[in-house]
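J.:
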Amino acid sequence: APYEYRNVGTCESGEDKWRGPVPSADGSDLVLSFFVFGDTPYDDGCADCNTCIGEDGDKEEDCSRFDCILKDSTLSELPINNTCTYEGDEFHCVKNGIIPMVNSNISEGSAAFVAHVGDIIKGDNSGGGNRRCTNSSFSSRRELFSDASNFLVVPGDNDWNECEGYDIGSNTDAVREMWRDYFAAETSPFNQFGKDFPGGGRPVIERQPTNPENFFFERESVAFFGLNSVQGRSYVEDVAPEDRNAVWVERILETANCAIESVVVFAHTKPSGHVHAKLNDYYARCGASLPTLVVHGSDHPKTYCMAKSGPNNLTITVEAFQSSPLLVSIVHDPIEGGYYFHVY
C-alpha cells in the first residue's frame, strides 16, 4: 500500500527508523511542507568565533574587549555584561547557506515556513550560569533569523533555563523577557508570518499571554503547536502550579471543533506527559486518535530519526550544528483518509 510507514533501519538511539509515503508527483495528496532544524549556531571555542560588539558599537571579528571563546569550565571569567556575538562557521553556514536555501523553497511554494526547535547559542553544560545569554548574542541571532521567511523558534535550555540569573521559582526574569521581546512578542519579527503560504493566505499565530514563546496556528486542518519544553528543570514544566504547556494546549483544544485531522508539536525536547494527556483528552472527545508528530532537538544525532511511539504517534529528532534543515511533508491518503509524515 502506498500510504503507510516503512521501517528503514535503526536510529542512533536504537529505535526503529520510519519513513512515511512520498507525496505524489502532481502534489495532489500534499497537505503542507515545512522546514525544521535546531541546535545552531553554537560557535564556541573556534578560532573565528571570538566576535563581539566593540566599544564604538561596531562589530569586531576578533574581539578586543572580551575573550569570547572561553571554555565552559572558565566561562565564569567572562563578564556578565559582555558583548560577545559568536558569529563563526556555524553562524555563516546558517546565514549564507541554510537561510537562502529555505527562502528559495518558500518563494517557490515548496514549503510554507521554517521552525527552529531551540538552542540558538551554546550552553555551558552546568545547568545554569550561562554567560552567553546576553543582549548582544540574542541581537545577533535575531538579526540572523530576520532574513528567513516565515521563521518560528521555541526556547532551548542553552538560551533559557541555563542562562545566568534564571529564577526557576518565577515565570520571568531579565533574560527570559529579553528572549520573548526578540523572538516572540508583538514587536518581534517572528510574532506572525510575513508571507503567504502555498495556496494563498497565511494563518494567524496565537500566542499564550503569559508565555508568548508558546504558539499555535492551524492550516489545512492541521494544528501546529510551539511549546517551551527544554532540557533540565524549568518553571514552565516543573514548578508552575500547572504545566504551562499543557494549559496552553488545553485552552486551544477546548474551543476547537473536531475538524482537526492532525497535530504537529515543535519543542526543544519531548513535551511532558501532561501535554500528551491533554491531546489524548481531545482525541477521546472527538472519537479518533489523530496522527501526531513531535519535532524536537537537543540530542544532536549525526542523522535525523523519525521514530514511532504508537501507530499514529511519531517523533522526529533533528540534527544539529551545520546540518541542513529537514523538509517535512504532511501527506493525505485521498482514498482511505488519514494524514502521514514524510521527511526528505
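Using this note's numbering, the first residue of the sequence shown is number 14, and each one after it goes up by one. Built from N, CA and C at the ideal position, the CB exists for glycine as well. Predicted, not measured: the structure shown is a model, and the values here were computed from it.
1. Would you kindly work out how many angstroms separate the C-alpha atoms of L45 and A236, rounded to a whole number?
2. Between which two residues does the alpha helix (DSSP H) holding K291 run?
3. Between which two residues does the alpha helix (DSSP H) holding F196 run?
4. What's the C-alpha gap between V188 and D132?
5. Report back the beta-carbon spacing between S302 and Y352 to the nearest angstrom; my notes put them in contact at under 8 Å.
6. Just the Cα atoms here: how many angstroms apart are I119 and F48?
7. I'd like to confirm the pairing. Which residues does DSSP put opposite E219 in its beta bridges?
8. Counting pairs of beta carbons, one from the segment 106-125 and one from the segment 148-160, are three or more of them closer than 8 Å?
9. Excluding the five sequence neighbours on either side, which residues of its own chain have a C-beta within less than 6 Å of the C-beta of L306, listed in chain order?
10. Which two residues bound the contiguous alpha helix (DSSP H) that contains V115?
11. To the nearest angstrom, how far is it from the Cα of R145 to the Cα of R232?
12. For V288 and F230, what's the separation of their Cα atoms in angstroms?
13. Pick helix, strand or coil for K72, following the three-state DSSP scheme.
14. Locate the beta strand (DSSP E) running through W261, then write down its first and last residues.
15. Measuring from the CB of G351, is there a heavy atom of the ligand COA at a distance below 6 Å?
16. Nearest to V166 by alpha carbon, out of I134, G178, N148?
17. Less than 7 Å between C-beta atoms, sequence neighbours within five positions excluded: which residues of the same chain meet that for E100?
18. Going by Cα to Cα distance, which pick from S183, E190, N184, W261 is closest to Q221?
19. List the DSSP bridge partners of R19.
20. Got a sec? Which residues, its chain only, sit under 7 Å from N148 by beta carbon, not counting five neighbours each side?
21. Within its chain, find whatever has a CB closer than 7 Å to the CB of G136; leave out the 5 residues flanking it on each side and keep chain order.
22. Where G27 and C318 are concerned, what is the direct C-alpha to C-alpha distance, given to the nearest angstrom?
23. Just reading off the alpha helix (DSSP H) that S153 is part of, what are its end residues?
24. Does the beta-carbon distance from E103 to F334 come in below 7 Å?
25. For N204 versus N227, is the C-beta spacing smaller than 7 Å?
26. Compute the Euclidean distance between the alpha carbons of D52 and V130, then round it to the nearest angstrom.
27. Exposed or buried, what is N325 when buried is set at 16 or more other beta-carbons lying within 10 Å of its beta-carbon?
T.: Let's see:
1. 12 Å
2. 286-299
3. 187-196
4. Each residue's alpha carbon lies about 14 Å from the other.
5. Not really, about 12 Å apart at Cβ, beyond 8 Å.
6. 9 Å
7. Per DSSP, the beta bridge partners of E219 are F229.
8. yes
9. V277, L327, F354
10. 112-121
11. 36 Å
12. 17 Å
13. strand
14. Not the beta strand (DSSP E): W261 falls in the alpha helix (DSSP H), residues 257-266.
15. In terms of ligand content, the structure shown is empty, and the ligand COA therefore cannot be addressed.
16. I134
17. D56, T64, S153
18. With distances taken between CA atoms, Q221 lies nearest to W261 out of S183, E190, N184, W261.
19. R32
20. M191
21. Counting only Cβ-Cβ distances below 7 Å, and skipping sequence neighbours, we find N143, D170, N171, E175.
22. Answer to the nearest angstrom: the Cα atoms are 10 Å apart.
23. 148-158
24. Between E103 and F334, the CB-CB gap stays under 7 Å.
25. no
26. Rounded to the nearest angstrom, the gap between the Cα atoms of D52 and V130 is 7 Å.
27. Classification for N325: buried.
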